[in-house]
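In what follows, a structure is listed as structure tokens, so that the remarks can point back to it.
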């Protein structure tokens, strides 16, 4: 987890350089996709699941 955090911070700060074309792409993390338990673990949330909603975004049951 620590490694991916460091890499994402570097990408956000420095972007992604493509030397053959002298291109600099700015990078931002927009979405984290996964089931509730995986996303909670990844983002450091309290890890508990309830029986009603599988997805916090679309409300799938």
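In our numbering, the protein residues as written are 4 to 64.
C-beta: ideal position from N, C-alpha, C; glycine also.
On the DSSP letters alone, give me the boundaries of the beta strand (DSSP E) that residue 19 sits inside.
19-21
Taking only the alpha-carbon atoms, compute the straight-line gap between residue 13 and residue 22 and give it to the nearest angstrom.
17 Å
Less than 9 Å between the C-beta atoms of residue 36 and residue 42, yes or no?
yes
For my contact list, residue 32 and residue 11 are in at a C-beta cut-off of 8 Å; report their separation, rounded to the angstrom.
6 Å
Helix, strand or coil at residue 45 [DSSP, three-state]
helix
Can you tell me which residues form a DSSP beta bridge with residue 26?
21
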